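In the numbering used here, the protein residues as written are 8 to 239.
The structure is reproduced here in structure tokens:
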């Protein structure tokens with residue numbers, strides 16, 4: 008399969024302060040469907056809104072596409088505690104994007120958890136262009152405490168697995184480990200669908216905010232053009 012790509016101009020790296028980043032992106036006029044997205048995902052690409060991209064930073068290769076082998080996944084102590092602590096929450100799976108319900112939670116999450124990031128300040132337009140429905144493989148997981156929405160995971164369903172796109176949750180429930188819970192629920196869904204992998208995006212070992220991805224094993228990373236098993 009052949010595709011047309013472009014390279015975006017250099018910009019400040021969002022993961023390693025002082026570094027400069029560049030991305031290779033699928034050309035906007037290329038047709039994106041589940042087959043195309045699945046193929047690029049297998050080759051280390053990532054989706055952000057309607058952009059499919061991969062880091063292209065010259066001498067730096069810190070960003071490593073990461074996936075979990077769900078058939079062999081075993082819960083560690085922290086994950087078991089997380090599930091027990093949240094056993095009364097309700098999980099709903101949906102293909103529909105409820106922007107009126109989701110946006111207030113997203114805005115509060117960005118305001119209070121990521122005021123130092125490039126998504127601050129949040130806006131409805133930015134929210135829908137980043138996480139709204141783009142393709143027929145986009146899906147949503149919602150977590151409720153009673154009737155109150157407390158967490159959302161946006162994910163894609165590909166031929167060989169699910170891919171976590173972005174999650175946000177109630178900042179007042181930070182001690183409940185909702186970020187971890189959303190990943191664990193996606194792992195469970197991937198297993199139920201009998202798909203082999205859950206993709207977690209890019210792991211960056213030098214970035215503290217990305218360390219949570221290293222907590223899920225068995226884990227593979229896309230290094231030097233192939234998927235390699237990473238030791239715990």
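The beta-carbon is built from N, C-alpha and C at its ideal position, and this holds for glycine as well. Bear in mind the structure is a predicted one, so any value in this text is a computation, not a measurement.
Original post:
Which whole-angstrom value describes the C-beta separation of residue 62 and residue 30, a residue pair presumed to lie in contact below a C-beta threshold of 8 Å?
Top reply: Indeed they touch by this definition, with Cβ atoms about 6 Å apart.
**OP:** Just confirm the distance between the C-beta atoms of residue 92 and residue 12, as a whole number of angstroms; I'd bet it's less than 8 Å.
**Re:** Not a contact, Cβ separation roughly 44 Å.
Subject >> DSSP bridge partner residues for residue 89 (one or two, in chain order) >> reply: None, per the DSSP bridge assignment.
Original post:
Under the rule that 16 or more other beta-carbon atoms within 10 Å means buried, what is residue 130, buried or exposed?
Top reply: Residue 130 is exposed by the Cβ-count criterion.
Original post:
By the 10 Å Cβ neighbour count, where 16 or more other Cβ atoms means buried, how is residue 81 classified, buried or exposed?
Top reply: When all chains shown are included, residue 81 counts as exposed.
Subject >> Sheet register partners of residue 174 (DSSP bridge) >> reply: BP columns for residue 174 point to 160.
Original post:
DSSP state of residue 68, grouped into three classes?
Top reply: In the structure shown, residue 68 sits in coil (DSSP, three-state: anything other than H, G, I, E or B).
**OP:** Assign residue 95 to buried or exposed, taking buried as 16 or more other Cβ atoms, counted over all protein chains shown, within 10 Å of its Cβ.
**Re:** Counting other Cβ atoms within 10 Å of its Cβ, residue 95 stays below 16 and is therefore classed as exposed.
Subject >> Separation of residue 121 from residue 87, as counted between CA atoms >> reply: A direct Cα-Cα distance of roughly 27 Å separates residue 87 from residue 121.
Subject >> Option in 199, 207 and 8 with minimal Cα separation from residue 187 >> reply: It is 207.
**OP:** Determine the closest residue to residue 213 out of 15, 57, 55 and 21, with distance taken between C-alpha atoms.
**Re:** Answer by Cα proximity: 21.
Original post:
How many Å lie between residue 238 and residue 67 at the Cα?
Top reply: Cα to Cα, the separation comes out at about 22 Å.
Original post:
Since residue 55 is in the alpha helix (DSSP H), which residue starts that stretch and which ends it?
Top reply: Bounds of any alpha helix (DSSP H) do not take in residue 55; it lies within the beta strand (DSSP E) bounded by 53-55.
Original post:
What's the C-alpha gap between residue 190 and residue 171?
Top reply: Residue 171 has its alpha-carbon roughly 8 Å from the corresponding atom of residue 190.
Subject >> Close Cβ partners of residue 134 (< 7 Å) along its chain, the five nearest in sequence each way excluded >> reply: A distance below 7 Å between beta-carbons, with the five flanking residues on each side excluded, links residue 134 to the following residues of its chain, in chain order: 110 and 113.
Original post:
Does the region 96-103 come close enough to the region 226-238 to have 3 or more Cβ pairs within less than 8 Å?
Top reply: Counting Cβ pairs under 8 Å, fewer than three are found: no touch.
Subject >> Residue(s) in a DSSP beta bridge with residue 201 >> reply: Per DSSP, none; premise fails for residue 201.
Original post:
Do residue 142 and residue 159 have their C-beta atoms closer together than 8 Å?
Top reply: Not in contact: residue 142 and residue 159 (Cβ atoms no closer than 8 Å).
Original post:
By the 10 Å Cβ neighbour count, where 16 or more other Cβ atoms means buried, how is residue 117 classified, buried or exposed?
Top reply: The residue is buried, with at least 16 neighbouring Cβ atoms inside 10 Å.
Original post:
Is it true that the CB of residue 104 sits closer than 8 Å to the CB of residue 140?
Top reply: Yes, the Cβ-Cβ distance between residue 140 and residue 104 is below 8 Å.
Original post:
Under the three-state reduction of DSSP, which class applies to residue 150: helix, strand or coil?
Top reply: Per DSSP, reduced to three states, the secondary structure at residue 150 is strand.
Original post:
Between which two residues does the beta strand (DSSP E) harbouring residue 233 extend?
Top reply: Run containing residue 233: 233-237, per the beta strand (DSSP E) assignment.
Original post:
Helix, strand or coil: how does DSSP classify residue 42 here?
Top reply: Residue 42 sits in a helix when the DSSP states are folded into three classes.
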